[in-house]
Structure formats: structure tokens, C-alpha cells
Amino acid sequence: MKKLIFILILSTRLFTSYSQDIKLISSLWKSSVNKSEKEFGKYQEVELNEQLVNELYKSKGAQFALPIKDENGNDMLADMVLQPMNDVRVKINNAAYSNDIAIPLLYSGRIRGMEGKNEVMLTLAPGFISMQAILPGISICLEKQLHANNYALYNSQETKFPSKPFSCGTLPPTAGDIERLKKNKKNETGKVANPSDKCIFVFVDCTESLFTHYGSDVQNTVNNIYAIWNDVRTAYNNEQLHVGISEINVWTSAIPFTTTTRALGIQTFAAYYQNNYYGNMAMLLDWTNTLTGNSGVAGGFGWAKGIAPNVCGNYNPNPNPVWNHGSFIYNDLNYFGNYQNFPVPARAEEVYIVTHEIGHLLGSFHTHNCGWLLSSNPNVFGPIDNCAPMEGICTAGPAPVNGGTFMSYCIGPGQFMNFNKGFGPLPGQVIRDFVDGNDCLTNCIGCFSIITVGAIPFQGVYQYEATNQITATGIINGNAATIVKIDAGLKIVLAPGFKATEGGKVKIFIDGCGGIR
């Protein structure tokens, strides 16, 4: 195949371009009715346009423009791009694989013409959608109502979920944890250029109580797991990391775990699977019908096994501390209280707890830990923020500006977690370093058909390959040490939101998979 090479050496202050021939679809929902509930707030009850949703799902369109209204009713367009998730398999009761599940499609995109970082995530399955538009200072969500067939459209300024301080059961790292992370081995012989070449896959196990919460329907359970994962995947993609799902298991009968507490949950979950599961880590998702909730806990800091069962395993049957079981996570999605009477899921809280606990297994501490290297020469250690009591002996950190990050506790009363801030510079770099240096995490197998290149805030050499299309949507903060290479088989789209600042190099190839020269 003839190779087309287009090199942009960014000597001007700003470069931006995008395709105008993107198909505009009509609204996927209609017939809004304004409603208000005392415990929840205002929302619109809308009817899903099932015919259009099913047509879009069947077509598996790679790209389209989605109309959305902001909190003031103004029209916006989000340019949406299909995201890869590889071949996710679904099991029932950890036995036979199901062939009857319609695997949802994941789309993400940006608001056309809007400056600054914003994300739109759309999850699509037959008769089902979930949408979160995360804009500066507000999020607009469309979710299926928990106890009705219609959908609820709401924004974060007019809704209020039950709130109490977040509590993660992953305690501060021990001296052994810190030393082990320092010795995170790098395979220099076959070392990849950067962690963006690696894939992290999570085995997701769903308790019977979560299955019951989603209407005792396996398809609806899978749909909602994908809706959560679309946001989780986007959060890690913004850090130049690929975090996907290897398998989903749904328990429709009695679970072989004890989940009365999160400590017992992770202990019995880890003991049941040990290293015998497909995935680099395993996560148990639960739904406790209590007013207190179990919250979440990860099995330690910096743990990942090989993706195949019993490869590069790290199950610890006699942990010290007691929660340090290896690459396992327990999460109670109802950790903020009892949502049974609420019209929609608290999707933001679900996304936060899943992303947070995966962050621990990828090596990050809490932001209120005293061990962060804040500056050097001389070295100064301390916490990043003050949203919770300090872990260790140190002066409290500063109050977060414009919300907390994924590894913070900044979601209690009067606080909020800002999706657009991601993990923040220090936790984000710790996670990338762990992924880059861990031999149990290998390069993504094969070559994706369609991928999206998000923001690149850090200097370095980045490479992306796809057999079909690559869409660049983020901001490349360029300097002389930044080189971004994009190699697609058929088409490269510089979409709304793509910007590259002065000094970097963007090299565009039409050559497909097989290595970038």
C-alpha cells in the first residue's frame, strides 16, 4: 500500500482542523415532561426513540454528530466516535458463556466549538442508551429510570443524591508496598515506547444483588456495566491508558461470597478466584440495600497479573495488612446510601468508585497521603489536598481548586469530584510509570479498527495505529521533546477539540497496522 505521510511541525501558536462531513442524527429521545421529586430534585422524563436507537446500534456507525441541549436549553452538537472494547465475553454463574447478549457500543466525543476540556459519553444497546455530557461546572445525564420504562434527563445543578463522606478501605501503603513499587521492573529488551501501547483488562463479576437491582435481567446488567465503563475508559484514556473489560460474569443465583462487609467481600472474592480468571485484575460489583453501604476496597497498591488465568499471579492467601490480597477489588455501587426510591442511578458516584479503586491497583495512593513528592532539590513530601484526614504525620494539604481528582476523597458534603481534572499530575504519572514498568501488563494484542487520541499533556513520543480510522480530539501540549505519530489504514480525522500548541511534531501516516517508521 502506498504510504501517505503528513508531518505537522507546529511553529505557529495554534493548529486546529476537523472534518465537516459528519452525519447528523436526529434526537435519540423525545417527549420531555418536567418532573420534580422532593428527595431528588428536578428532571425531565423522556421517551426513548427506540427505532432510531436500534438502527444506530445495527449500523455501528463509526462517527456521527449528536444534538444535546445545555442546562439553559441551548442547542449543542457533540461529535461522537465509536470506541473499541475488544471481544468481551459474558458468563452466567461462572459457568457457560452466553451467546444471547447484545454487546453495547461505546461512543465518546466533544462538544463542537466549545473551548476547554469537555467529554460526552454515549452507551448504546438495543432499546437502551446512557449519556453523560461533562461540561465546565455541570454534567448533563440521560439514564434509564430504575423503576420505570422511560428515561430521566437531568443536570448536576438540579439534582441531589444522598451524600456522606467517601470511605475507601484501602489503607495507607506500608513500607513494603513502597519498596515493591520502587522495584517495579522494566523489561528493557522488549520495552515499549510509553504506557499508551499497553492494555489493562479487568474481569468484572456482578453479584446477585446487583443483578436483582437491574431488574433481574442479564442484558440490562451488562448494559449498565458498559455505561459505567464508558466513563471509566474515558478517564483512563485521558491519561493515555487503555483500560477495558476482559469478561463479565453475572450471578443470577446465590453468590459464593460473603459481602456483609467490604473486608469479607474482597477476602472471599479473592479466595474464590485466586489467579484463575481472565484479566489483569478482578473486580466484584455489589449492590447492598443498606443505608450505610460498604463503599470499596482494593487489594493493595501496584498489583496486576497476566491476562490469562494463572499467569503472573499474585493472589495472597495470608495478607498483611489484612486487605492486601493482590489484584482484586470489591465495590458496592450503592455506597452512598439507599437509592431504591430514586428515579435514576447515581452514575457519577458509580464511575468514581470504580475508577478510584483501579487507580490503587495501578499504584496510586490517596491524594491526602503524606508521601507525595511535591518538589525536589531538596525533596519535599506532603499531601496534594485536604479533603480527608492526612494519611501519615504531616501538615494538611491545600484545599482543592475547582473540585477534587479521582484519587481524592473530595466528594463529601460541600465538595465535588471534577471529572475534567482526571487523576491530576502526580497520581497520573505514578499510574503511567507503574503500567510502563510492569512486565505482567503486555502490549495491546492486535490493532484496533477505530481509536480516538485524547489529550496529551505530557512531553514524550506517542504512537497510535488503527486498521481503519483514527480521530484526534484532544489538546497536544507540544514542545521540542513531543512527537505524536498517528497511523491509520483509511482515514484520520482532526475533530473539534483537537489543538496542538507550538513546538511539537505531529506525524500523520495512512499505512495501517504493522509498525510506525
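Numbering of the sequence shown is given in the numbering used here, commencing with residue 1 and proceeding in unit increments. Glycine included, C-beta positions come from ideal geometry on N, C-alpha and C.
Query, Result
"Lys507 versus Asp197: straight-line alpha-carbon distance, rounded", "17 Å"
"Coarse secondary structure for Lys305, derived from DSSP in three states", "coil"
"Host beta strand (DSSP E) of Arg110 (start-end)", "Leu105 to Ile111"
"Three-state class that DSSP yields for Gln67 in the structure shown", "It is worth fixing the name first, because residue 67 is Pro in this sequence and not Gln. Of the three classes helix, strand and coil, the one that applies to Pro67 here is strand, per DSSP."
"Pair within 8 Å by beta-carbon distance, Tyr335 and Ser295", "yes"
"Supposed close pair Ala227, Ser130 - CB separation, criterion 8 Å", "4 Å"
"Residues sharing a beta bridge with Thr258, DSSP", "Per DSSP, none; premise fails for Thr258."
"Extent of the continuous alpha helix (DSSP H) to which Thr221 belongs", "Val218 to Asn237"
"Residue burial classification, Glu465 (beta-carbon count within 10 angstroms, cutoff 16)", "buried"
"Phe498 versus Phe257: straight-line alpha-carbon distance, rounded", "46 Å"
"Where Phe521 falls, given that 16 or more other Cβ within 10 Å makes a residue buried", "Only positions 1 to 517 of the chain appear in this structure, which leaves residue 521 out of reach."
"For Ile248, the residue or residues it bridges with in DSSP", "Val90 and Val204"
"Where Arg13 falls: helix, strand or coil (DSSP)", "Its pLDDT being 32, under 50, Arg13 is placed unreliably by the model, and the measurement read from it follows with that caveat. Three-state result, Arg13: coil."
"Rounded straight-line distance, which links the Cα of Asn54 to that of Tyr151", "16 Å"
"Bounding residues of the alpha helix (DSSP H) (the contiguous stretch that carries Gln51)", "Glu50 to Ser59"
"Terminal residues of the beta strand (DSSP E) in which Tyr154 lies", "Tyr151 to Asn155"
"Cut-off 7 Å between Cβ atoms - residues of its own chain near Gln415, not counting five sequence neighbours on either side", "Cys387 and Gly404"
"Local Cβ density within 10 Å of Phe509, reported as buried at 16 or more and exposed below that", "buried"
"Identity of the residue in Lys42, Glu39, Gly41 and Gln51 nearest Trp29 by Cα", "Gln51"
"Identified DSSP bridge partners for Ala133", "Val120 and Ile140"
"Three-way DSSP call (helix, strand, coil) for Ser408 in this model", "coil"
"Rounded separation between Leu426 and His368 - CA only", "12 Å"
"Buried or exposed (CB count within 10 angstroms, at least 16 for buried), His147", "exposed"
"Cβ neighbour criterion (16 or more within 10 Å) applied to Glu37", "exposed"
"Enclosing beta strand (DSSP E) for Gln469 [first to last residue]", "Gln469 to Ala472"
"Cβ shell of Ser31 (< 6 Å), same chain only, five flanking positions each side left out", "Glu47"
"Cβ contact check for the stretch 298-314 and the stretch 426-444: 3 or more pairs under 8 Å", "yes"
"Presumed contact (8 Å Cβ cut-off) between Ser519 and Ser139, rounded CB distance", "The displayed coordinates of the chain run from 1 to 517. Any statement about residue 519 would go beyond what the structure contains."
"Buried/exposed call for Ala175, threshold 16 Cβ in 10 Å", "exposed"
"Assigned exposure category for Asp21 - 16 Cβ within 10 Å defines buried", "Confidence at Asp21 is low in this model, with a pLDDT of 49, below 50, so the placement of that residue is unreliable and no value is reported for it."
"Contact set for Leu66: own chain, Cβ-Cβ below 6 Å, skip 5 residues either direction", "Ala78 and Met80"
"Endpoints, alpha helix (DSSP H) assigned at Val351", "Arg347 to Leu361"
"Simplified DSSP state of Ser375, which is helix, strand or coil", "strand"
"Where the beta strand (DSSP E) containing Phe328 begins and where it ends", "Phe328 to Asp332"
"Spatial distance of Met85 from Ser27 (CA atoms)", "25 Å"
"Classification of Pro136 by the beta-carbon crowding that lies within 10 angstroms, buried from 16 upward", "exposed"
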